[in-house]
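The structure appears right after this line, and notes come after that.
Residue numbers (our numbering): 249 to 645.
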């Protein structure tokens, strides 16, 4: 039958031509991308639940110091492109964040003639992990930080489901480095099936490279073990590794301890916002309490909640009502969902103040000298504003 646009046969032919044209274009794009990949001698990805940005920044700093032309990309609290000279550019985004940023990263690496690319895996959805690793980046080495609960609206809160997501980041024939405490049977099987090589980062291996105390205080030990193991595997000398880690510039989500002296008191404010989940936060609290063991005062939590992270708010509610109820002596709730959590946490303090300066003054007023205030929950929004306030008004430890 004829239509205003021609016969059905003509329309079908036009659709076939368009489809063939699209297939041809995609084929050319894939070949072009693969050619660009082959021009990058060393491709490294960093995946896992927590600590990815810190690991990317530390490893990039080490490799720069070792003489590599390194292009690195983070997607953490402040997404950045770290250029071979160590300078940084914000990641330019128009609209939604997509994994096609990694294709642009490869193009940039080719333009800069980079010898090494270090990319933080962006994906949350399991299928995106597959595309990002297996098609866009094809790494020779992957560092897996840990397998923890997060984004429970996408990944169920079960260890096997969480591990399965990160198993998608195992590229055939590559080297996979992960902490020995995370080497569960499921990830081992995935590595074996892909004929990849498992390299376990032994707990405490970072202590063999003589890191300065101020670095040890600012980073999680397992992240240091991971970076140290990767650098040693690449043949880098221990003194270069130690210096590279010490020189690494961290983003606003990196854990830091600040001393604020006001009202004839000295309180400690700890940036643990980017730890996000209770397990990672507890690890950071225990590490910090060991460093500040001589301090008296109270152990306080300032839990910053986000309206767009409902699953994370629920995760914190369950934790503070259960196994985490003794972790802090007082919990302050601020941000989206704070009022809802307050109903189930009667001893918590609901704070409607969202000015970082006034909120900091309130905490100093309410607690004695030597108290430790842990900023937890979310770095986005108020969390980042509070950290900047603490940076302005405190002596960093």
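Beta carbons are placed, not taken as given, at the ideal position from N, Cα and C, and that holds for glycine.
Taking a C-beta distance under 8 Å as the contact criterion, residue 463 and residue 484 do not qualify as a contact pair. Where residue 321 is concerned, the enclosing beta strand (DSSP E) starts and stops at 318–322. Looking at the backbone, the Cα of residue 459 and that of residue 449 are separated by about 17 Å.
Ranked by Cα distance from residue 394, the first of 355, 303, 288 is 303.
8 Å or more divides the Cβ of residue 331 from the Cβ of residue 321. Rounded to whole angstroms, the separation of the alpha carbons of residue 622 and residue 357 is 39 Å. By the C-beta density criterion, residue 533 is buried, having at least 16 other C-beta atoms within 10 angstroms.
Here residue 384 is not near residue 424, since their CB atoms are 8 Å or more apart. Pairing residue 374 with residue 416 gives a Cβ-Cβ distance under 8 Å. Your pair residue 522 and residue 389 does not check out as a contact, with CB atoms roughly 24 Å apart and the cut at 8 Å. The C-beta separation of residue 501 from residue 554 comes to about 14 Å, leaving the pair out of contact by the 8 Å criterion. Contact annotation: residue 457 and residue 486 have beta-carbon atoms nearer than 8 Å.
Distance from the CA atom of residue 489 to the CA atom of residue 454, rounded to whole angstroms, is 9 Å.
In this chain, residue 332 is not harboured by any beta strand (DSSP E), its DSSP state being neither H nor E.
Straight-line spacing of the CA atoms in residue 471 and residue 305 works out to 11 Å.
Here residue 387 is buried, its C-beta having at least 16 other C-beta atoms within 10 Å. Taken atom to atom, the span from the alpha-carbon of residue 316 to that of residue 290 is near 10 Å. Between the alpha carbons of residue 301 and residue 334 lies a distance of about 15 Å. Note that the C-beta distance between residue 641 and residue 468 is not below 8 Å.
Burial state of residue 552 is buried, judged by a 10 Å Cβ sphere holding 16 or more other Cβ atoms. Between residue 420 and residue 515, the alpha-carbon positions lie close to 50 Å from each other. Secondary structure note for residue 392: its beta strand (DSSP E) is the uninterrupted segment 389–392.
Residue pairing by DSSP places residue 427 opposite 449 in a beta bridge. Of all alpha-carbon atoms in 314, 429, 367, 355, the one lying nearest the alpha-carbon of residue 327 is that of 367. Annotation: the continuous beta strand (DSSP E) that includes residue 292 extends over 290–295. 563 is the residue among 563, 537, 410, 506 whose C-alpha sits nearest the C-alpha of residue 524. The beta-carbon separation of residue 543 and residue 505, rounded to 11 Å, does not stay under the 8 Å limit for a contact. Per DSSP, residue 437 is one residue of the alpha helix (DSSP H) stretching across 433–441. Residue pairing from DSSP places residue 623 in a beta bridge opposite 519, 550.
For residue 612, no beta strand (DSSP E) run applies; the uninterrupted alpha helix (DSSP H) run containing it begins and ends at 604–614, by DSSP.
A distance below 6 Å between beta-carbons, with the five flanking residues on each side excluded, links residue 336 to the following residues of its chain, in chain order: 328, 330.
Contact check for residue 513 against residue 546 fails: the beta carbons are separated by 8 Å or more. Only residues of its own chain outside the window of five on either side were considered, and among them 416 have a CB closer than 6 Å to the CB of residue 378, listed in chain order. Contact between residue 634 and residue 607 holds, since their C-beta atoms are separated by about 7 Å, short of 8 Å.
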